[in-house]
Each structure stands twice: as structure tokens, then as C-alpha cells.
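Residue numbers (this note's numbering): 1 to 320. Reading through the C-alpha cells given below for one structure.
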Amino acid sequence: MSHHPFRKVAAYLHDGTGAFGAGVVSEIFGYDRRHRGLPGFDFAACTDRPGPVATDGGLTLLVEHGLDRLAEADLVLVTSWEQFDLEPSPEVLAAIRTAYERGATIAAHCTGTYVLAASGLLDGLRATTHWRWADAFAARFPDVKLLPEVLYVDEGRIVTGAGAAAGVDMCLHLIRREYGAAVANGIARDMVVPPHRDGGQAQYVAAPVAADCDDERLAEVLGWAREHLDLPLTVEVLAGRALMSQRSFARRFSAATGSTPHAWVLSQRLHRAEELLETAGVSIEEVARQVGFGTAATLREQFVRRRGVPPRDYRKTFAT
């Protein structure tokens, strides 16, 4: 967790890049939300030679910046790379490596991870990419530990994300990591997207929601659970509210969310703890009670295991 969060953000676009992915990075980092009390970023789109860049969806973008802007950014974002038979230019790879050596964070999502792998920065690290290209990627870059089933992978200053919409998850994760949950939630609310999606890509490979899932009833139970995190939210309790057997509830829950009820509840408790640590002046014991961990010791244990720092340090870094 950095005490000097990134400000200068550069996105690398090239001919054939995904229009959706380009839109995601510009919406999150290029849109000025300072009037809403959220941080502003010095955002630039860059390409090999400034000028028109065609996207996969038929739109043409006029990109004003070259690779020099890429090399001096705090955060470099690589959008999708559709030309698998084409190697990224030595100049692009050099600019990415220069930024990394200067201390920048480098993030790529979808097939943009191909560019990162070609630079050598992913060698020996864990990474992800779009599930459809996972096998081809693994064959091409055997030194990368590919995790095709997750939405994003954080390796410190190297972060990779899965296919198109997972770029949202990856970018919000970067903001949550550097600026805290309240800022990430504020941007997510502005974009009308979930601030954090649980589960991995596996749930998107076939049907994201089982056809027979009683979605409305499940949504009501999840909403109720979020409002009552201080209660013991066992499968028995949740299934009872959904008027289902425990086995049927667990099966439907997994089909709809890609997660188990236990993992989902734990995740909700941690997110709520982050918000309280940032924005509420209550004691850590009271945070633990309100989110259902019971004691400060349990909160600390879960927080350190899943966030890498104790609650007190998190509060010191992000409290507003």
C-alpha cells in the first residue's frame, strides 16, 4: 500500500485495440470527479505514433500522445492486443520496461497481458488473461504462471486482469489498493457497477446465472445479509430466509454468484470493515462487532490474511 498513490496514468492503445477496454480506462482515470470529492488523475492515451487508432468495434480514436508519455507515468495500463501473430514493437516494450524501472505500476487486462508477457516483466509471476485465449497464452509464454480462472491477479507493481469487463474490476482494485475502499466505492457508484465482484472467470465461461435460479429471492436475501452483517450468517440462516433447503440454497447461491455463501459473507464483512475503518470514528472493537467478526482479534486475523496489513495500519493509511 503506497502513501504516494499514482497520479500520472497512461494507457497504451494500438490499432485493433478493444473499444470497450479503452472506454473502461478512460472512464475510470480520464473522467474528472474532483467536484464530487474524488481524486483526479493526469490521464493520457498513448500509441506508437500519435494519430488515428482503429478499434475492434469500428470506432477510430484520435490519440495525441506517443510513447514518451508512457515511459514517465506512475501507472501504465495496456489494453487488449488482438494481433497475436504480431510482436509488440521494441519501442513499446522498452517504454513499458523504462516505466517499470522508474517505479511505475504496470497493469494489463484481457489480451493486453500478451504485451506484458512479451516485455519479460511477467516471467516467473502469476497472471491472468481472457479465458478464451488462456491456452494460446500459456503455450506462448510458459514462464508465466497463468491463472485463467480469476478476474485479476495482483503481483505488486505488476497487475493483470481477465477479459473486457474484468478491466473494471482490475482498475477498481488498483484504486482500492492505493486510495482506499471509500474512493473505489465512490467511483463504482458513479459508474453504476459493483465495487467488487466475487468469484472468478469460471462463472462467465458458460452461463453467468443458472437458468433456474430464483434470482429475485436470492437478491433479497443478499441485500438483507449486507444490512445484518453483525448477525451469525450461517448457510442455515440464509437458506431459511430464502425458504430453501440448505443444499438447494448453496447450489443456487454458487450458480448465481460463483462463490460459496461462507466466502461471500466473509468478503462482505471485509469490505464493510474497510469502509468503517476509513470513514467512521469508532474503535476497532466496534468495527469488529458491527461487521460480525465479534472480536478485534478475529478482525485483525482475517484482515491481515486477506488484505496484508492489520486494521490499525489500514486506518492510518486511508482514514478520511
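By construction, the Cβ of each residue, glycine as well, lies at the ideal position given by its N, Cα and C atoms.
- Query: Does the beta-carbon distance from residue 255 to residue 217 come in below 9 Å?
  - Reply: no
- Message: Can you find the residues in the same chain that come closer than 6 Å, C-beta to C-beta, to residue 314, ignoring five residues on each side of it along the sequence?
- Response: 277
- Nearest-angstrom Cα distance between residue 322 and residue 175? Residue 322 cannot be examined here, being either before or after the span of the chain that is shown, 1 to 320.
- Message: Looking at the secondary structure, which residues open and close the beta strand (DSSP E) in which residue 380 lies?
- Response: No answer is possible for residue 380: it lies beyond the span of the chain, which begins at 1 and ends at 320.
- Query: How many Å lie between residue 25 and residue 271 at the Cα?
  - Reply: 23 Å
- Task: Determine the burial state of residue 163: buried for a count of at least 16 other Cβ atoms within 10 Å of its Cβ, exposed for fewer.
- Result: buried
- Using a Cβ cut-off of 9 Å (strictly closer), state whether residue 71 contacts chain C. The displayed structure is made up of one protein chain only, and chain C is not part of it.
- Message: Does residue 306 come out as helix, strand or coil in the three-state DSSP assignment?
- Response: helix
- Quick one: which unbroken alpha helix (DSSP H) runs of 4-plus residues sit fully inside the stretch 93-155? Chain order, please. 113-118 and 134-140
- Item | Same chain, Cβ closer than 7 Å to residue 306, five either side skipped, listed in chain order | 270
- residue 51, DSSP secondary structure in three states: strand
- Task: Drop a sphere of 10 angstroms on the beta-carbon of residue 88, count the other beta-carbons inside from all chains shown, and report buried for 16 or more, exposed for fewer.
- Result: buried
- Who does residue 160 pair with in a DSSP beta bridge? When beta bridges are read from the DSSP output, residue 160 appears opposite 108 and 153.
- Query: Per DSSP, residue 325 forms a beta bridge with which residues?
  - Reply: Not covered by the structure: residue 325. The range shown for the chain is 1 to 320.
- Message: Checking 9 Å against the spacing of the C-beta atoms, do residue 152 and residue 79 come in under that value?
- Response: No, the pair does not count as a contact, with Cβ atoms beyond the cut-off.
- Item | Span separating the alpha-carbon of residue 58 from that of residue 83 | If I take the Cα positions, the gap works out to 16 Å.
- Run through DSSP, which three-state label would residue 44 get? strand
- Query: By the 10 Å Cβ neighbour count, where 16 or more other Cβ atoms means buried, how is residue 68 classified, buried or exposed?
  - Reply: Taking all protein chains shown into account, residue 68 has fewer than 16 neighbouring C-beta atoms within 10 Å of its C-beta and is therefore exposed.
- Item | Selection from 54, 55 and 76 that minimises the alpha carbon distance to residue 42 | 76
- Would you kindly report the start and end of the unbroken beta strand (DSSP E) that includes residue 9? 8-12
- Query: Going by beta carbon distance, what residues of the same chain come within less than 7 Å of residue 111, once the five residues before and after it are set aside?
  - Reply: 80, 81, 82, 129, 130 and 133
- Just the Cα atoms here: how many angstroms apart are residue 297 and residue 303? 10 Å
- residue 32, buried or exposed, once every other Cβ within 10 Å from all chains shown has been counted against 16: exposed
- Message: Alpha carbons only, please: which of 5, 14, 39 and 16 is nearest the one belonging to residue 186?
- Response: 39
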